[in-house]
Amino acid sequence: MLIFKLLFLNIWRNKGRSLLTLLGLVVAVLAFGLLLTVVKAWYAGAEQASQARLITRSAISLIFPLPLSYGERIRGTDGVADMTYSRWFGGVYKDTRNFFPQFAVEPESYFRLYPEYRLSDAVRSRFFRDRRSAVVGRRLADQYGFKEGDIVTLRGQIFPGSWEFLIAGIYEGAEESTDTGKMYFHWAYLNEEVKRRGISRDPESVGVFITAIESPGRAAEVALAIDGLFANSAKETLTETEKAFQLGFVAMIETIVVAIRAVSFVVILIIMAVMANTMSMTARERTSEYATLKALGFSPGFVARLVMGESLLLALLGGGIGILLTFPVASAFHAATGTLFKSFMVSPETTWLQLGAAVLTGVVAGLVPALKARRIRIVEGLRAIA
Amino acid sequence: MPIPLSYSFRNLWVRRVTTLLTAMGMSLVVYVFAAVLMLDAGLKKTLVGTGESDNMLVFRQGSVSEVQSSIDGSQANIVAQLPGVAVRGEPLVSRETVVLVNLKKRDSGRPSNLVVRGVGEQGLELRRQVRVVEGRSFRPGSDEVMVGRNAAAQFQGMNIGETVKFGGRVWRVVGVFEAGRSGFDSELWADGDMIRQSFRRVSYSSLVVRLSDPSMAADFAKRVKGDPRLPLEAKPERQFYEDQSETLSRFIQILGLTLTVIFSIGAVIGATITMQSAVATRVAEIGTLRALGFQRRDILLAFLLEAIFLALVGGCIGLALASAMQAFEFSTTNFQSFSELAFGFVLTPEIVVQSLLFSVGMGVAGGMLPALRASRVAIVEALRAA
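These protein sequence lines map, in sequence, to chains A and B.
Using the working numbering, the letters of the first sequence map in sequence onto residues 2 to 387.
Using the working numbering, the letters of the second sequence map in sequence onto residues 95 to 480.
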């Protein structure tokens, strides 16, 4: 027990230095945790995505729409339980900076396929009845202050002109991590207007078909069957699971994700350098003290444990505070970035990695000084002046 | 008389290991700081350098990228007849069709969006910066394509003699072009009519217009906007592409600068700890200096300079590491055009100055407290401590 008492007393001997080191550790562990959470948040869309839903898009690229008539043939494919479709609208609200995703959908089937978006019965019936209405997600509503009954005007980037929508209500996510940053309105309304306004953007077309399949095990087979229907036609399709579809988006900015991940390890390297420096200075100053301990009969191992223990104790204290701070800081960060991230939660895995990084820093920083302390010769050590 | 400069940096040399450890921490911070600025500079340089200064790009009002824009044949003819358009036999106008095609990348095998540009007869003439570096240009009316240098490096099947399939047709790669490290380097070019045929398009995406007098750009833009027959907008070609860098550039800046600020806290703490111990071990020496007649502010300055030297060593190492990044190309999806764009790290003189100033700032922040402490040492006590 003596060693623990000594450890606790030792770290407070040079208060300024210990506090600074602790602060550095807290910042580093906090930054490490936040960066890992940012990386995770990029993949959140893909993680929420279902393996039991397939997305069918144009084989050329997403910008090419598919004819609505494909829908019935997809629905008739063996293994398909349900089908809906959506079309990307791409409008801006007031200013180009205010960008959020909007989709034209067939409301009844869409919300049947996505039970994680919850509509109250009142909102549901109002939205389904009124073709010019729209629903917005909770996060989106909170960010822009959209309320039931508001008229929202969007400026179309793909479909030119200004578009007015009546907010029929707000949908909630089934779980905290459900993405509620999107706006949905009637595909029929968009289609009607495209024809009425004479916009040269394929009418009677959709961006993607979404199918629910009977069992996730048949995903590959059903996807091939759907693509087979339209092979060698003018508009070939490409069907993949929703998860693969979402991962495709992440892959597009993979270089940035890789860079963030690399940088999160750099921060640990920085703090290792700082802490190694602290520990070697501390040990150097106490050379004569360690020699005295040895002269009193304490084993070299005890002295080494004393140095290593101090390093570990500091690392654990700093790491612990950093981990605790990660949670409030992450939620503040999420609030500040608006709808940029679909969900932003600190996963248990991240917490474990933070703890691991703190322990590793402590061990690495204490290793060399501990070995040196072990090897101190009593006579020389007693003579040494810090 | 101030304390000689050599006093400050010789002190750093005496404690080489500690100096190096602390400087390493700082160099990593400066490295990240400089790398982020270099990446941003590279992105801007690539997009700003895309296009010619005397070309105007005409597109559908409100479109951010050419893919979103659409212009029909009669509108194109009206634009070609507007005053201000350069004429050489016929008006110098390239009617272009731009689509995105999902192709597999070389390194990851994952699909990403490649810009396919169908250029009009005058398209090549209007882009002086485009040079065929390997093979030859495509023949009009044929299924031949030529690819930009970066696109050739990034995507599969882009070597001369290979074929690539999209839009229901097999295209033959006959040449590789270079466009002065601009956005065109990440594109694939083919004959405009062939592209429209294969994608069953009747309309164009954008028009590139050469002005007879480049200073008339604003007038021309006004004329296009004011013409009731044209729901179009005109911008200088370079500005159009520069505007596309906005979102990605802001993203890189915010992410990068947040990271550097967090990291710099760790590095500043490291510097403070190092300087604190430097002061603590030299109390007697400081007392002597004071007894010799040096003023408090001389001592303050000497220790502050020591911290600044320390930080500059870190800054230089960091800059050296960062300048090595110029050998690498960075490729990611530009959110605004939704397509793959390759760009490099560019080290500009401003970035060198900013990075060095930043490291000096860290040195001052880290050294201020210890230097103040050093300047407050009381002469009598200090001399007794020796």
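No residue lacks a Cβ here, since even glycine has one placed at the ideal position from N, Cα and C.
In this text, all values refer to a predicted model and were calculated from it rather than measured experimentally.
- Contact annotation: in the region 2-22 of chain A, residues whose CB is within less than 7 Å of a CB in chain B are G17, R18, L21 and T22.
- The beta carbon of B/I473 is closer than 6 Å to those of G381, R384 and A385 in its chain, skipping five residues each way along the sequence.
- With the criterion set as a beta carbon lying under 7 Å from some beta carbon of chain A, the members of the region 160-177 of chain B are V161, Q162, S164 and D166, in sequence order.
- A contact is defined here as three or more CB-CB pairs under 8 Å, and the region 249-269 of chain A fails this definition with respect to the region 218-234 of chain B.
- By the C-beta criterion, the region 267-281 of chain B is judged to be in contact with the region 138-146 of chain B, since at least 3 inter-stretch pairs fall below 8 Å.
- Scanning its chain for C-beta atoms nearer than 7 Å, with the 5 sequence neighbours on each side dropped, one finds around B/D285 the residues G212, F232, P234, G235 and S236, in chain order.
- Here DSSP, grouped into helix, strand and coil, assigns B/F452 to helix.
- For B/S433 against B/L194, the beta-carbon gap comes to about 6 Å, under 8 Å, which counts as contact.
- In chain B, no part has a C-beta under 8 Å from the C-beta of A/G182; the shortest such distance is about 15 Å.
- Going by beta carbons, B/N207 and B/T427 fall inside the 8 Å limit.
- Among the residues of chain B, those whose CB is under 7 Å from the CB of A/N278 are T112, L115, T116, G364, I367 and T368, following chain order.
- Residue nearest to B/S168 within the set B/D287, B/Y298 and B/F249 is B/Y298 (criterion: CA-CA distance).
- Among the CB atoms of chain B, one or more fall inside 8 Å of the CB of A/Q158.
- For the region 136-160 of chain B, residues whose beta-carbon sits nearer than 7 Å to a beta-carbon of chain A comprise R154, Q155, G156, S157 and V158.
- In the DSSP secondary-structure assignment, A/S59 is bridged to A/T238.
- At a cut-off of 8 Å, the C-beta of A/S289 has no neighbouring C-beta in chain B.
- C-alpha of A/G363 to C-alpha of A/R140: approximately 40 Å in a straight line.
- B/M288 counts as buried, since no fewer than 16 other beta carbons sit within 10 angstroms of its beta carbon.
- Of A/L325, A/V347 and A/I324, the smallest CA-CA separation from A/H335 is found for A/V347.
- Beta bridge pairing from DSSP links B/F345 with no other residue.
- The three-state secondary structure of B/K199, taken from DSSP, is strand.
- Within the same chain, Cβ atoms closer than 6 Å to the Cβ of B/N244 are found at D279, S280 and A436, the five residues on either side in sequence being excluded.
- Counting only unbroken stretches of 4 or more residues, the alpha helix (DSSP H) elements lying wholly within the region 383-421 of chain B are 390-418, in sequence order.
- Taking a contact to require three or more Cβ pairs closer than 8 Å, the region 213-228 of chain A and the region 94-109 of chain A do not qualify as touching.
- For B/A436, there is no enclosing alpha helix (DSSP H); the enclosing beta strand (DSSP E) has its first and last residue at S433 to G438.
- Contact between the region 178-185 of chain A and the region 130-147 of chain A is present: 3 or more CB-CB pairs across the two stretches fall below 8 Å.
- One alpha carbon belongs to A/F186, the other to A/S87, and they sit about 10 Å apart.
- Annotation: Cβ neighbours of B/P205 in chain A (cutoff 7 Å, chain order): G249.
- In the DSSP assignment, B/V213 falls within the unbroken beta strand (DSSP E) covering P205 to V213.
- Along the region 416-430 of chain B, the positions whose C-beta sits under 9 Å from a C-beta of chain A are F424, S425, T426, T427 and F429, read in chain order.
- In the structure shown, A/M84 falls within a strand segment according to DSSP collapsed to helix, strand and coil.
- Residues of chain B whose Cβ lies closer than 7 Å to the Cβ of A/P161 are, in chain order, R154, Q155, G156 and P325.
- Residue environment: A/Q247 is assigned as buried (16 or more neighbouring CB atoms within 10 Å of its CB, all protein chains considered).
- Along the region 226-300 of chain A, the alpha helix (DSSP H) occurs as fully enclosed runs of 4 or more residues at 243-253, 255-286 and 288-296, listed in sequence order.
- When rounded, the separation of the alpha-carbon atoms in B/S469 and B/F397 is 9 Å.
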